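So the sequence shown is residues 48 to 184, counted in my numbering. Beta carbons: idealized from backbone N, C-alpha and C, even for Gly. Remember, it's a predicted structure, so these values are computed and weren't measured experimentally. Worksheet: one structure, shown below.
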Amino acid sequence: MDDRNRSLEGGCLCGAVRFTAHGRFGEVSVCHCSQCRRWHGAPGPYTSVRRDRLNFHNQRGLAWYRSSERARRGFCRECGASLFWDMPDKTYTAIALGAFDGPTGLAQAVHIFVADKGDSYQIADGLPQWPASHHGG
48 MDDRNRSLEG
58 GCLCGAVRFT
68 AHGRFGEVSV
78 CHCSQCRRWH
88 GAPGPYTSVR
98 RDRLNFHNQR
108 GLAWYRSSER
118 ARRGFCRECG
128 ASLFWDMPDK
138 TYTAIALGAF
148 DGPTGLAQAV
158 HIFVADKGDS
168 YQIADGLPQW
178 PASHHGG
């Protein structure tokens with residue numbers, strides 16, 4: 048079995064957003080773009096799953112912010128937790144690793160948008176670094 052094929056549960060700080068993501072998860076990308084750094088207060092580690100494999104048990108607090116022409120960001124309107132981002136014309140949703148309950152078994156694989164990296168930290172883990180998205184974004 049692929050070690051990224053599983054079910055993981057997660058949610059926000061207050062419980063107003065709860066979800067289960069099923070299936071094969073995308074590689075973990077640590078995003079250094081200015082939007083992710085502002086969204087999280089630091090670089091944002093994300094994995095992704097097909098949107099039809101993301102099931103909500105509670106979405107009372109779920110809100111979406113259109114952060115650019117191409118993307119939107121999902122968060123809890125009650126506690127402010129940063130949870131998701133996606134591009135409505137794509138079939139996947141990116142999930143912040145910190146939104147999952149407990150260990151995920153997923154490991155960081157790549158740093159993206161390092162051309163936008165903040166100057167207050169260094170990247171010294173030896174993982175590949177892409178100036179923009181390694182998927183051409």
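Could you tell me whether the segment 156-163 touches the segment 63-70, using the rule of 3 or more Cβ pairs below 8 Å?
In this structure the segment 156-163 does not lie against the segment 63-70, because fewer than three pairs of beta carbons, one per stretch, are closer than 8 Å.
From P90, S114, K137, I170, pick the residue whose C-alpha is nearest to that of H79; which is it?
Within the sequence shown, residue 79 is the residue found at index 32, counting from 1. The option with the nearest alpha carbon to H79 is P90.
Taking its Cβ as the centre, do 16 or more other Cβ atoms sit within 10 Å of I142, making it buried, or is it exposed?
Position 95 of the sequence shown holds residue 142. Burial is judged here by how many other beta carbons sit within 10 angstroms of a residue's own beta carbon; I142 has at least 16 and is buried.
Hey, is the segment 69-79 in contact with the segment 144-160, meaning 3+ C-beta pairs nearer than 8 Å?
Yes: the two stretches touch, three or more of their Cβ pairs being nearer than 8 Å.
Where does L101 sit, in a helix, a strand or coil, going by DSSP?
In the sequence shown, counting from the first residue as 1, residue 101 sits at position 54. Looking at L101 - three-state DSSP - the assignment turns out to be strand.
Who does H158 pair with in a DSSP beta bridge?
For the purposes of this step, residue 158 is taken as residue 111 along the sequence shown, with counting starting at 1. BP columns for H158 point to V77, Q176.
Buried or exposed (CB count within 10 angstroms, at least 16 for buried), G145:
Position 98 of the sequence shown, counting from 1, holds the residue named residue 145. Label assigned to G145: exposed.
Please identify the residue among V157, R124, A128 whose C-alpha is closest to the C-alpha of P178.
Translated into the one-based positions of the sequence shown, residue 178 becomes position 131. Closest option to P178, Cα to Cα, is V157.
Under a three-way DSSP split, which group does C83 fall into?
Counting from 1 along the sequence shown, the entry for residue 83 is found at position 36. In this structure, C83 counts as helix in the three-state DSSP scheme.
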